[in-house]
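Sequences listed follow chains Y, L, Z and B, in order. Each residue of the first sequence is one higher than the one before, starting from 1 at the first, in this note's numbering. Each residue of the second sequence is one higher than the one before, starting from 1 at the first, in this note's numbering. Each residue of the third sequence is one higher than the one before, starting from 1 at the first, in this note's numbering. Each residue of the fourth sequence is one higher than the one before, starting from 1 at the first, in this note's numbering. The C-beta atom is built at its ideal place from N, Cα and C for all residues, glycine as well. Here's the structure we're looking at; comments come further down.
There are 4 protein chains.
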Amino acid sequence: MSGAAFVTTQVLRFCDTDQLGHVNNAIYTVMCEAGRAELMAAAGLIAPEQGHSVVIARLELDFLREMNWPGEVRIETEVARLGTKSLQLRQRLSVGETLTARALSVLVVIDLTTRRALPLSDAWRAALAPYLVPA
Amino acid sequence: MSGAAFVTTQVLRFCDTDQLGHVNNAIYTVMCEAGRAELMAAAGLIAPEQGHSVVIARLELDFLREMNWPGEVRIETEVARLGTKSLQLRQRLSVGETLTARALSVLVVIDLTTRRALPLSDAWRAALAPYLVPA
Amino acid sequence: MSGAAFVTTQVLRFCDTDQLGHVNNAIYTVMCEAGRAELMAAAGLIAPEQGHSVVIARLELDFLREMNWPGEVRIETEVARLGTKSLQLRQRLSVGETLTARALSVLVVIDLTTRRALPLSDAWRAALAPYLVPA
Amino acid sequence: MSGAAFVTTQVLRFCDTDQLGHVNNAIYTVMCEAGRAELMAAAGLIAPEQGHSVVIARLELDFLREMNWPGEVRIETEVARLGTKSLQLRQRLSVGETLTARALSVLVVIDLTTRRALPLSDAWRAALAPYLVPA
Chain Y
1 MSGAAFVTTQ
11 VLRFCDTDQL
21 GHVNNAIYTV
31 MCEAGRAELM
41 AAAGLIAPEQ
51 GHSVVIARLE
61 LDFLREMNWP
71 GEVRIETEVA
81 RLGTKSLQLR
91 QRLSVGETLT
101 ARALSVLVVI
111 DLTTRRALPL
121 SDAWRAALAP
131 YLVPA
Chain L
1 MSGAAFVTTQ
11 VLRFCDTDQL
21 GHVNNAIYTV
31 MCEAGRAELM
41 AAAGLIAPEQ
51 GHSVVIARLE
61 LDFLREMNWP
71 GEVRIETEVA
81 RLGTKSLQLR
91 QRLSVGETLT
101 ARALSVLVVI
111 DLTTRRALPL
121 SDAWRAALAP
131 YLVPA
Chain Z
1 MSGAAFVTTQ
11 VLRFCDTDQL
21 GHVNNAIYTV
31 MCEAGRAELM
41 AAAGLIAPEQ
51 GHSVVIARLE
61 LDFLREMNWP
71 GEVRIETEVA
81 RLGTKSLQLR
91 QRLSVGETLT
101 ARALSVLVVI
111 DLTTRRALPL
121 SDAWRAALAP
131 YLVPA
Chain B
1 MSGAAFVTTQ
11 VLRFCDTDQL
21 GHVNNAIYTV
31 MCEAGRAELM
41 AAAGLIAPEQ
51 GHSVVIARLE
61 LDFLREMNWP
71 GEVRIETEVA
81 RLGTKSLQLR
91 QRLSVGETLT
101 ARALSVLVVI
111 DLTTRRALPL
121 SDAWRAALAP
131 YLVPA
């Protein structure tokens, strides 16, 4: 049985544009992180007060369409794979009906003191399970 | 008779934080611009396709409280003064019930080709009038 | 006897531009902070490992000229006033021979645990003295 | 015969950090773009006054090490492949002796009016040839 995407929304800011007139490519990365971080915080993987948080190990990003200010970006995030010490997310950015980017990221939970990767606990797996959409 | 504030909302992003744990001070500036630009676009002062847009000449910003991710920022923008060639805005940022910053800015409409200031037209004055709240 | 400005340099980034073609106004704030933070770290006021850092209470910024990518920004920072619990900085941004902005900021050192302001110690005063340029 | 990397340097800014204490992952993207854009401008592919500029179609980014403020980032950019309508860049970020990230990007030159891809001209190929380092 397959889960469903975690959906969040971001409002574009004037300074997200660059001299090409459109939203700068680094903002696509920012949008992916914004969606990712909300899911990771909701699922308990980002919890600095408990001494751990999430870092990214790899990002693959396909830029499909330009985005323009003003506007809102819909960010859909699915868990593609839950490994022993890392997880993989699949993301889609869209503005209105237009799919503007697709991303794949590999994340690791780290202990904020040792900066070392932590194994993915059963609690985190359970919290992420509703968003698990295998390829 | 006095107008009312133009209200807009921004969603904080994980990368808006800095190593102090809170939202970085430059993001307060970004939030002020985000609110300002939405009002200026709605009132026709930002209109690159018509050859003009708005630039800022002066900013005064009082940082009253820290802001933390995740969260939403409410941005209230009032027109404090409408001059011949410039206008003054008064802004308030808040998170929930907490006022986090107060700002005053002086803006100028420029011709995008000559980069020179344009006089504020009657149409722009009329569009901004509902938000005019003299001190 | 008067001190001299602390000077630092920043390289503009493509994404510092916005849809007006020039460097976005929020980047002026970022540049001011970049220069400020290097001085505050060098003088020992930013020292998270010792439990304290610097926050900004007020910023006044005059935007004098547009800046364009690519380019480098020279940031000059002087201490305008050393109070009991706060200090005031005067800053100038320039690109080549052109002065592009002038800023005044009020800073406070905070204890990172209590988030309360700390009195300015003699060691910090001594470290900042070479940059003290009273009005 | 193989070319050599185009090398440029960026100075980290305080606001490049996030609440994990280190440089935020989106800044790695910004650094890649900063190096890329300087090479593309030097080689004539970014030239808005001539009606064309460069956009990114795909980014692959491996985050190898944390980066911390203050510091400088060395950005090495090589041309991995010159196609008919797109080019591929290979990049390395480092701080001191430490390699902190590796990136691969696919770029396209677009006509700023039609937003359509332009074929890579002989002049652009010649300008990029010194940086061509096939896998």
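Comparing the C-beta of residue i with each C-beta of chain B, is any distance below 8 angstroms?
i             : result
residue 152/Z : Outside the shown range of chain Z, which is 1 to 135, sits residue 152/Z, and nothing can be said about it.
residue 38/Y  : no
residue 4/L   : no
residue 26/Y  : yes
residue 58/Y  : yes
residue 138/Y : This structure gives no information on residue 138/Y, because the portion of chain Y shown stretches from 1 to 135.
residue 53/Y  : yes
residue 93/Y  : no
Using 10 angstroms around the beta-carbon of residue i, count the other beta-carbons present and answer buried if the total reaches 16, otherwise exposed.
i             : result
residue 92/L  : buried
residue 2/Y   : exposed
residue 72/B  : exposed
residue 122/Z : exposed
residue 90/Y  : buried
residue 4/B   : exposed
residue 36/Z  : buried
residue 98/L  : exposed
residue 135/L : exposed
residue 26/B  : buried
Can you confirm whether residue i, when its beta carbon is compared against all beta carbons of chain Y, has any partner nearer than 8 angstroms?
i             : result
residue 68/B  : no
residue 33/L  : yes
residue 140/B : Not covered by the structure: residue 140/B. The range shown for chain B is 1 to 135.
residue 87/B  : no
residue 48/B  : yes
Near residue i, which residues of its chain fall below 8 angstroms by C-beta distance, leaving aside the five closest residues on each side in sequence?
i            : result
residue 34/B : 8, 10 and 75
residue 84/B : 119 and 120
residue 48/Z : 112
Could you tell me whether the Cβ of residue i comes closer than 8 angstroms to any Cβ of chain Z?
i             : result
residue 102/B : no
residue 113/B : no
residue 135/B : no
Would you say residue i faces chain L, with C-beta separation under 8 angstroms as the test?
i             : result
residue 75/Z  : no
residue 14/B  : yes
residue 109/Y : no
residue 29/Z  : yes
residue 61/Z  : yes
residue 126/Y : no
residue 41/Y  : yes
What residues in its chain sit with their C-beta under 6 angstroms from that of residue i, if we drop five residues either side in the sequence?
i            : result
residue 88/L : 80, 81 and 106
residue 78/B : 5, 90, 131 and 133
residue 40/B : 46 and 54
Might you give, ordered along the chain, the residues of its own chain that have their beta carbon closer than 7 angstroms to the beta carbon of residue i, omitting 5 neighbours on each side?
i             : result
residue 42/Z  : none
residue 38/L  : 8
residue 136/L : Only positions 1 to 135 of chain L appear in this structure, which leaves residue 136/L out of reach.
residue 22/Z  : 66, 67 and 68
residue 70/Y  : 12
residue 116/Z : 110
residue 100/L : 64, 65, 67, 93 and 94
residue 18/B  : 24
residue 58/L  : 105 and 106
residue 86/Z  : 57, 106, 107 and 108
residue 16/Y  : 23, 24, 27 and 69
residue 14/Z  : 69
residue 129/B : 3
Is the stretch 105–123 of chain B touching the stretch 44–56 of chain B in the sense that three or more CB pairs, one from each, lie closer than 8 angstroms?
yes
Considering only residues of the stretch 2–66 of chain B, which uninterrupted alpha helix (DSSP H) runs meet the minimum length of 4 residues and lie entirely inside it, listed in chain order?
25–42
Contact between the stretch 12–31 of chain Z and the stretch 56–66 of chain B: three or more CB pairs below 8 angstroms?
no
Check whether the stretch 95–105 of chain Z touches the stretch 89–106 of chain L, counting contact only when three or more Cβ pairs, one atom from each stretch, lie closer than 8 angstroms.
no
Whole beta strand (DSSP E) runs in the stretch 63–112 of chain L with 3 or more residues, listed along the chain?
72–82, 87–95 and 98–111
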